[in-house]
Amino acid sequence: MGGCGMVAAVGWGRKPQRRGVPSVFRQMCSVEDGFPVSDQEQSVSLPLPGAFLDFLNNNGLDPSIYAVADTIPRYVRLKPGCESLLADIEAELRCKLEEVVWLPGFFSIPPHIQIAGSKAYQQGVIYGMDAASGAAVSALDVSPGDHVLDLCAAPGAKLCMLSDLLGNSGSLTGVDIARHRLAACCTMLQKYALGDCCRLFVADGTTFSLLPLRSCMDIKSGAAYGADNKDIFTEWTSKRSWKDRKKAFKARNANSSHQSQSTLEPELIYYGRHSGVVGLCKSELFRPRNDNEPSVSGYDRVCHLGAGPCMLSMEAGSAYRPFTGTKSVLVDAECTHDGSVKHIQKFAFWGWNTLQHRVLDAKRTDTLMHLQLHLLTNGFRLLRVGGSLVYSTCSLTVAQNEHVVEHFLARNSSADKWPCKSGRIPKTIRFDPTTSKTSGLFIAKFTKLTT
Numbered sequence: 088m089g090g091c092g093m094v095a096a097v098g099w100g101r102k103p104q105r106r107g108v109p110s111v112f113r114q115m116c117s118v119e120d121g122f123p124v125s126d127q128e129q130s131v132s133l134p135l136p137g138a139f140l141d142f143l144n145n146n147g148l149d150p151s152i153y154a155v156a157d158t159i160p161r162y163v164r165l166k167p168g169c170e171s172l173l174a175d176i177e178a179e180l181r182c183k184l185e186e187v188v189w190l191p192g193f194f195s196i197p198p199h200i201q202i203a204g205s206k207a208y209q210q211g212v213i214y215g216m217d218a219a220s221g222a223a224v225s226a227l228d229v230s231p232g233d234h235v236l237d238l239c240a241a242p243g244a245k246l247c248m249l250s251d252l253l254g255n256s257g258s259l260t261g262v263d264i265a266r267h268r269l270a271a272c273c274t275m276l277q278k279y280a281l282g283d284c285c286r287l288f289v290a291d292g293t294t295f296s297l298l299p300l301r302s303c304m305d306i307k308s309g310a311a312y313g314a315d316n317k318d319i320f321t322e323w324t325s326k327r328s329w330k331d332r333k334k335a336f337k338a339r340n341a342n343s344s345h346q347s348q349s350t351l352e353p354e355l356i357y358y359g360r361h362s363g364v365v366g367l368c369k370s371e372l373f374r375p376r377n378d379n380e381p382s383v384s385g386y387d388r389v390c391h392l393g394a395g396p397c398m399l400s401m402e403a404g405s406a407y408r409p410f411t412g413t414k415s416v417l418v419d420a421e422c423t424h425d426g427s428v429k430h431i432q433k434f435a436f437w438g439w440n441t442l443q444h445r446v447l448d449a450k451r452t453d454t455l456m457h458l459q460l461h462l463l464t465n466g467f468r469l470l471r472v473g474g475s476l477v478y479s480t481c482s483l484t485v486a487q488n489e490h491v492v493e494h495f496l497a498r499n500s501s502a503d504k505w506p507c508k509s510g511r512i513p514k515t516i517r518f519d520p521t522t523s524k525t526s527g528l529f530i531a532k533f534t535k536l537t538t
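Numbering (the working numbering), first residue to last: 88 to 538.
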């Protein structure tokens, strides 16, 4: 659900920022005309079908944004601590890595350069990620020790960046309803050695309701719970025995036989060694409990005590007390992808009839808007007071962006958009390919004022 660049409505200005995020948006938004676009770039290099041109016209979008498809740079993110390797990477790729001055750690390279065959990529020193996507993550202003939820985590580039920002502290929960896409997240976390504090759940993001403990317990064994040692989570490995894989497969089939996909219990498919899962009794991880009963697992369900979501937290040497949510939530929602120029380019190869179903179909768009609103609403429900939520999509349409935000705000008086330069609605802003030299980006950033 993630991984594409998008349009934006991002804020700063309510509190001092610790990273380069505010300057990101100040620099990007201070120049009305953005990067100069040549006459050659203005010519439409990508022939668009009439139905798509009608779609753009009906949504007030300028087709010329797709004219720069072949001139938009590629972007890579450099693994922190590897700055000394820049010269070697440039020599291997045979090109200059141009620093993205408004987004620390990102570099642009010519669009024709391929990185997949390079040692730097294969060894996890760099990975491809559009700068617009990086801006969405940076807008969360994540700090080491935070508890972060990525509600639409696949395919994993944003998840990896979040993990980098956290370091070996706090917790990172990744959720996606598509198992095969979430498996890609698992692969990326392992490749870049970023999964120590991360847990991945196959689950419906509109109903997911598990929160991390304020501090993970250091459980050495399951003896306290009278559990057999075979029922204890040991360090995660992808090399499970055939017997374990068969058992898990049967369990999934048994659950899906009497539950729809949207009501399936969350399934933990990956956990890092410092994620709070190692040492837990398997029967305790999702054990049903009363609202006032403390949990002994690394996760607990949201319960509704009073007006807002609340859970119970266990800390060493302290009494149980409410833990009212996650500090940062990223909702990079599924959409029609019309804002991703590179994605639209692919339809020329896939066939424009595929575009009709994925982008132009009105029924699908209505379904997506319903999904987007519910993802945003649930992500906000899991957010603690004072926490931040970033909502982003790969669409340039108002319906999937500003309208979703407006519907959400009408239902949630405790949400407040962070101020920034006006876009289609107050306090929102858009980046498009001709201005920013990235894919299109929409970001709306919220903070929770009350429960």
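Even glycine gets a Cβ: it sits at the ideal position worked out from N, Cα and C. Treat the numbers as computed from the prediction; the structure is a model and nothing was measured.
Here residue 476 carries a strand assignment [DSSP, helix/strand/coil]. DSSP places residue 238 outside both helix and strand once states are collapsed to three, so it counts as coil. In this chain, the beta strand (DSSP E) harbouring residue 214 covers 213-215. With a beta-carbon spacing of about 4 Å, residue 281 and residue 250 fall inside the 8 Å limit used to define contacts.
Using a Cβ distance threshold of 8 Å, residue 212 and residue 247 do not count as a contacting pair.
In this structure, 150 is the residue among 150, 144, 141, 142 with its C-alpha nearest to the C-alpha of residue 428. Inter-residue distance for residue 156 and residue 497 is about 37 Å (C-alpha atoms, whole angstroms). In the displayed model, residue 354 falls within a strand according to three-state DSSP.
One thing to note: residue 235 has its Cβ within 8 Å of the Cβ of residue 415. The secondary-structure analysis by DSSP pairs residue 433 with nothing; it has no beta-bridge partner. Looking at the DSSP output, residue 164 sits in a beta bridge with 193, 214. The straight-line gap separating the alpha-carbon atoms of residue 143 and residue 203 is approximately 33 Å. Membership of residue 453 in the alpha helix (DSSP H) is indicated by the continuous run 449-468.
If you ignore the 5 residues before and after residue 492, its C-beta comes within less than 6 Å of the C-beta of 531, all in its own chain and listed in chain order. Each of 207, 500, 517, 537 was checked against the Cα of residue 219, and the nearest Cα belongs to 517. In the same chain as residue 361, and ignoring 5 residues on each side of it, the C-beta atoms closer than 6 Å to its own belong to 283, 284, in chain order. 224 is the residue among 487, 186, 224 whose C-alpha sits nearest the C-alpha of residue 238. Contact check for residue 268 against residue 242 passes: the beta carbons are separated by less than 8 Å. Each residue's CA atom was taken as its position, placing residue 188 and residue 444 some 38 Å apart.
Residue pairing by DSSP places residue 186 opposite 194 in a beta bridge. Around the beta carbon of residue 477, 16 or more other beta carbons lie within 10 angstroms, which makes this residue buried.
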